[in-house]
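Position one of the sequence shown corresponds to residue 1 (the numbering used here), numbered consecutively onward. Quick reminder that beta carbons are idealized off the backbone N, C-alpha and C, glycines included. Working notes, structure below.
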Amino acid sequence: MADPRFFSVAGPFSLKGLAAISGSRIGDGGNPEAQFLDVQPLQIAGPEHLSFLDNKLYLNDFSKSRAGACLVHADHAANAPKEMALLISEDPYRAYAKAAAAFYQRKNTEAHIAPSAIIHETAKIGLNCHVSPGAVIDAEAEIGQNCSIGANTVIGKSVILGDDCVIGPNSSLSFCIIGNRVDIHNGARIGQDGYGYAPGKDGHIKIPQLGRVLIEDDVDIGANATIDRGSGPDTVIGAGTKIDNLVHIAHNAQLGKNCLVASQVGISGSTEFGDFVMVGGKAGFAGHLRIGEGARIAAKSGVTKDVHAGATVGGFPARPLKEWLLGVAAPRRFAKKKVN
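Set out below in structure tokens:
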């Protein structure tokens with residue numbers, strides 16, 4: 001069970017209610033009125049819990065689980081214990097996400113402005129906002145309704161936040177316009193200067209960074225991520241995109257909608273992602289690239305050329321995944337022959 005000091009559980013929910021929430025159907029013999037108090041992993045769930053199976057590696061745990069109900073694909077339903085109620089789903093993991101979100105609903109922090117917060121007289125704060133101790137909100141900034149601003153966070157001059165945004169402690173936002181329902185986690189830096197210099201023998205001349213960062217609705221930005229403002233064109237993060245901790249996005253980069261970018265990725269300036277691009281951890285991108293819609297980039301890849309829509313690439317320099325894997329495997333096979 002989640003620690004009640006940190007998390008508040010809703011419910012209980014009936015089996016038919018969980019089916020409706022998760023978009024699943026009740027398996028044969030399931031009691032629609034049965035009540036469930038919480039979600040738990042297969043290994044520790046009891047009769048009052050809902051669990052899920054989405055990876056066949058855990059079929060053994062599934063077959064032995066005491067969970068009262070489980071979200072599962074129809075292909076694995078036959079492995080369930082007799083006492084377990086089933087919720088059949090084409091995508092159990094996604095269904096579980098919906099159910100777990102019902103048990104652990106996001107709650108707005110109680111509306112309050114700490115006495116130690118520094119808010120400029122020209123700043124606008126929407127209804128039901130929480131501003132934590134030490135936060136600074138500069139001149140002409142606009143904060144939407146139901147927002148939470150963490151301790152010691154700085155919201156710069158003229159920054160605009162939409163409704164229902166959560167900004168974690170010790171973050172800094174400048175030169176940016178942010179949509180609704182955006183989460184920015186602890187220590188993130190949004191809108192600082194891009195890395196732009198004109199090099200020369202007499203020294204490097206700083207190029208003024210005159211753009212902004214535009215963050216659309218439902219974006220999640222991880223802890224200590226950094227997103228530079230544009231040098232002229234704006235840096236843009238598309239709606240629904242999720243950015244992990246310690247990611248760096250350079251000036252003028254444009255990420256499409258619903259992209260997934262894992263930890264420690266570096267995206268150089270003026271690189272553009274289409275929608276639904278997925279990037280593994282520690283991948284790096286040269287500047288001025290075009291990454292097509294739905295492309296997938298393996299972890300630790302070095303991307304030096306454009307990637308076509310729907311392609312999966314890996315390695316350094318990044319190339320089609322099968323080609324890269326064959327290149328990795330060939331020396332190993334040769335070495336084994338030498339040893340033998």
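Scanning the segment 265-298 from its first residue to its last, no whole beta strand (DSSP E) run of 3-plus residues comes out.
Under the DSSP assignment, Phe-52 falls in the beta strand (DSSP E) whose first and last residues are 49-52. Ser-148 is bridged by DSSP to His-130, Val-166.
Contact between Glu-140 and Thr-122 holds, with the beta-carbon distance rounding to 5 Å and staying under 8 Å. Apart from the 5 residues on each side of it in sequence, Val-9 sits with its Cβ closer than 6 Å to the Cβ of Asp-38, Phe-103 in its chain, given in chain order. Here Gly-30 really is in contact with Ala-85; their C-beta atoms are around 4 Å apart, less than 8 Å.
Going by DSSP, Ile-207 is part of no beta strand (DSSP E) at all; its letter is neither H nor E. A buried status is given to Arg-296, since no fewer than 16 other beta-carbon atoms sit within 10 Å of its beta-carbon. Rounded to the nearest whole angstrom, the C-alpha separation of Ala-135 and Leu-246 is 22 Å. In terms of Cα proximity to Ser-24, the closest of Ala-69, Asp-61, Ser-63, Phe-6 is Ala-69. With a cutoff of 8 Å on beta-carbon distance, Arg-290 and Asp-306 are scored as near each other. Excluding its 5 nearest sequence neighbours in each direction, Leu-255 has C-beta neighbours in its own chain below 6 Å: Ile-237, Gly-238, Thr-241, Phe-273, listed in chain order. Excluding its 5 nearest sequence neighbours in each direction, Cys-259 has C-beta neighbours in its own chain below 6 Å: Thr-241, Phe-273, Val-277, listed in chain order. Taking the Cβ atoms as the reference, Ser-231 lies roughly 14 Å from Leu-214, outside the contact range of under 8 Å.
Per DSSP, the beta-bridge partners of Glu-142 are Lys-124, Ile-160.
Of the candidates Phe-62, Ile-113, His-120, Ile-113 places its Cα closest to the Cα of Asn-128. In the three-state reduction of the DSSP assignment, Tyr-197 falls in the strand class, which pools E and B.
The criterion of a C-beta distance shorter than 8 Å is satisfied by Cys-176 and Ile-190. CA-CA distance, Ala-74 to Asp-228, rounds to 46 Å. Straight-line measurement puts the Cα of Gly-280 at about 8 Å from the Cα of Val-265. Under the three-state reduction of DSSP output, Lys-98 falls in the helix class. In chain order, Gly-211, Asn-252 place their CB closer than 7 Å to the CB of Pro-233, counting only its own chain and leaving out the 5 sequence neighbours on each side. Arg-181 and Asp-218 have their C-alpha atoms some 5 Å from each other. Under DSSP, Cys-176 shares a beta bridge with Val-213. Judged by DSSP in its simplified three-state form, Lys-300 adopts coil rather than helix or strand.
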